[in-house]
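The next block holds one structure in the form of structure tokens; read it before the comments.
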Amino acid sequence: MTTKLCYHCGEDVPSHTQLSTTVLGEPRDMCCPGCQSVAQTIVENGLESYYQYRTANADKVDLVPEQFKALIHYDNDDVQADFVQQHEGSSQVLLSLEGVSCAACAWLIEKQISVQPGVVSIRVNTTTNRAMLRWDPSQTQLSHLLGAIQQLGYKAAPFEADKQEAVYHQTMKQYLYRLGIAGLATMQVMMLAVALYLEVFGSLEPEFKHYFRWVSLIFATPVLLYSALPFYLNAWRSLKGRTLGMDVPVSIALIFAYIASLIATVSEQGEVFFESISMFTFFLLVGRFLEMRARRKAAAASSNLLKLIPAMATKLTGEKVAVKSLQPDDEIRVLPGEHIPADGIVIQGRIHVDESMLTGESVHQVKQAGDSVYAGTLNGDISFDLKVRCTKNDSMIASIVRLQDEAQSSKPKIAELADVVARYFVALILVIAAATYAYWHVHQPDEAFWIMLSVLVATCPCALSLATPTALTCATSQMSQFGILLRQGHVFETLCKVNHLVVDKTGTLTKGDIEISHISYEDNYAKTTCDAVALGLESHANHPIARAFRTLSTSPLIIENIENVIGQGVRGRWRGHEVRIGSAQFALGESRNERNCVFLSFDYQLGARFYYHDPIREESATFIQQFAKLGVRTTLLTGDSLQNAEPVASEVGIDEVVVSASPSDKLNYLQSLAPTEITLMVGDGINDAPTLAGAHLSVAMGGGTDVAKASADMTLLGDNLLRLIQARQLALRTRKIIRENLAWSLGYNLLILPLAVAGLVAPYVAVVGMSASSIIVVTNSLRLLNSTRL
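Under full-length UniProt numbering, the first residue of the sequence shown carries the number 1, and numbering increases by one thereafter.
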């Protein structure tokens, strides 16, 4: 029997292995999944010629696959467990990107990767240099998508805060090196330029002029080849992807100026621009360096959250283990003053936890056995034991970082428009620069070249592409400081337009910390039976009222055929009887005018009445009044009865009340409103989920149900309603700053363009103006980080 050899590595193919990859039009046998994955990656990235030209030498064979070896590890399920999340049948990962410098880079990556088979979506944030990638693992592998990004000239890897910080510092160090060489060369070349242009040494002999030019060439060459390299790489990536990035005109200006100066130096005829080349590069690097630092500050807030999670945790046995190795149901001990290492449940003890990094509230929260605590929050002065609830990757902080990046990557219409304008504006710049050169070459040939250079550099729309994303990144970071978690990118746009506030009652305007105040039993039914049946029914619900029944001093009975009728109650069968608990209409088939009461029935016969108390939040009245002052109409939309809802509405100052509304009734109410009414819905329960999803903008209370949080655009982690007033103010300020940024960037370009075309802008002024424009836009956006907190 003939042994089959692996087409990729040459090793024997095991008899039980049936793996193959189509290479050069034919199926080729593979010995293992690793070889198959590498071969498939090589083929899909257009490198099949590797197999045509390779030799039998093993070292030669490994040269090309070396590019993909590191990426293939990311396809391992155990490795992916640390950074990949499952989302509606697809996989999702947050990536760190290297080499992204402007909106054109983001557009190029999104355009090229989104057409790859199996890619659901990809969104790039140029401010944070991160991308949110979602793909179908049954159609493609993560290593293939990472390889496709690398083929575009960018580096991509799963986001890790510490790793990205190391990359940032390495990048800044390289910029400092490039900046230092450009600065030293600029000083030397400028001294020679003074001698050449002003002839400070008197009338220079021609041989001395040529000597100074050659010396200037020597100093300018490393500036062009090393210091300006980032601009060429970005320009090449753009051209390779058939788009025009911000660095294309800059690179053209530098290369043309150098070539023209080199020809003039060698031929000893014409003007040289070595000082302009050095100054261009130096000022551009200074601007890019300051811009990167400012953008880093804007992006640091979410990354810093992850740093609050300690690297090590202490098990109950005293053993130290890595936090990332913790699994659900592991038990650990948290010492006084330590940051909690994982989301979990308090096993024992009464502790105080500082959750300000999540909720924005400085008051420490009291936690007891059975309460949830979150990774990164700070323990008080008493140690406690904790049962881990989820891995580090699924923790609240990790979810916040992912959602923030997803929200920041979602571009509002104004940002998409700015990106399109910027791309077409670069093309327009190139056309205008060529026309400018042609005109001045006819009228003033000696001036034509440097005027063209000024046009290319001065009008680069870098500031325009930064105007919106930097502002949104800063605003999103500030929202997290308020204890508001964003899930959608349209929040800031819509929040500015809201003119109708719709709120739920229980758990929203009221605390939702409901207690059973007293119980009235009918004579025909035993107290213990009623309590046990009620508890058995309510154990299948997740409403604040249902949770109040857990305090009953009895054990729940097993109820069969349970059905949870959202917004009305729960029903089932017990010992042949139909038992119901909920509103009077649901449980008894009739209406009753009793406030804050839940009815229990046996075959529609009243068994007991459970009266409860639900205090109104202290800030609810102020919250409603503040929105009223802003001209926002308010409606209380609740499934509760008029008897329960009207007193709450009266106390907080709401005029319009819609009661006894089922989930479909609530959604129908929203849909019945006029198109001009932009609604903000605030709720917390399962019955609010359809309304939260159907509103223009929605907020789920942090203490509400998971279904409500999943349906909402924002989550209010600390349940402080006044934070929404602050969010509205921040949204208005964000809109104002975006408009300021766009006005400045467009105004600058419209002003500088005719001046540059007219020859009134010197090359070094053009460089300073372009760099200053970008820095002003980023700095203006950073003002959002200084928004006042409540």
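For glycine and all other residues, C-beta sits at the position ideal for the given N, C-alpha and C.
Contact between Ile737 and Leu785 does not hold, since the beta-carbon distance rounds to 11 Å and is not under 8 Å. With 16 or more other CB atoms across the displayed protein chains lying within 10 angstroms of its CB, Asp688 is buried. In the structure shown, Tyr611 adopts extended strand secondary structure according to DSSP, grouped into three states. Spatial neighbours of Glu740 in its own chain (CB-CB distance under 7 Å, excluding positions within 5 residues in sequence) are listed in chain order as Asn780. The Cβ-Cβ distance between Leu386 and Arg333 falls below 9 Å.
For Cys597, the pairing in a beta bridge is given by DSSP as Tyr611. Assigned with DSSP and collapsed to three states, Gly703 falls in coil, not helix or strand. For Gln605, DSSP records a beta bridge to Phe602.
Relative to Ala534, the option among Asp513, Asp523, Ser517, Ile558 whose CA is nearest is Ile558. The DSSP-derived three-state label of Gln150 is helix.
Looking only at Phe289, Arg288, Ile255, the smallest Cα-Cα distance to Ser276 is reached by Ile255. Nearest to Thr691 by C-alpha distance, out of Arg580, Ala731, Gly703, Thr638, is Thr638.
Closest by C-alpha distance to Lys392, out of Gly344, Pro544, Phe274, is Gly344. A residue is called buried once 16 or more other Cβ atoms fall within 10 Å of its Cβ, and Asp136, having fewer, is exposed. The beta-carbon distance between Glu522 and Gly607, rounded to whole angstroms, is 6 Å. This is short enough to meet the 8 Å contact definition.
Closest in alpha carbon position to Pro328, among Gln269, Cys390, Ala342, Leu335, is Cys390.
If you draw a straight line from the Cα of Ile519 to the Cα of Gly582, it comes to about 14 Å. A distance below 9 Å separates the beta carbons of His490 and Asp713. The alpha-carbon of Ala257 is positioned some 59 Å away from that of Asp354. Within the segment 186-274, the complete alpha helix (DSSP H) segments at least 4 residues long are 206-222, 229-240, 247-267, listed from N- to C-terminus.
Assignment of Tyr7 by DSSP, reduced to helix, strand and coil, places it in the coil class. Counting only residues of its own chain and dropping the five nearest sequence neighbours on each side, Phe273 has a CB closer than 6 Å to the CB of Ala257, Ser261.
Minimum Cα-Cα distance from Met279 among the listed residues Val84, Lys324, Gln188, Phe212 corresponds to Gln188. If the five residues before and after Val777 are omitted, its C-beta is found closer than 8 Å to the C-beta atoms of Ala463, Leu466, Ala467, Thr470, Asn741, Trp744, Ser745, all from its own chain and listed in chain order.
Ala731 is the residue among Ala731, Gln112, Pro206 whose C-alpha sits nearest the C-alpha of Cys474.
For Arg728, the enclosing alpha helix (DSSP H) begins and ends at 722-757. Between Val652 and Leu244, the alpha-carbon positions lie close to 56 Å from each other.
Where Val570 is concerned, the enclosing beta strand (DSSP E) starts and stops at 569-574. By DSSP's assignment, Gln348 forms a beta bridge with Asp385. Per the coordinates, the alpha-carbon of Thr506 lies some 16 Å from the alpha-carbon of Glu656. By the C-beta criterion, the segment 478-487 is judged not to be in contact with the segment 662-680, since fewer than 3 inter-stretch pairs fall below 8 Å.
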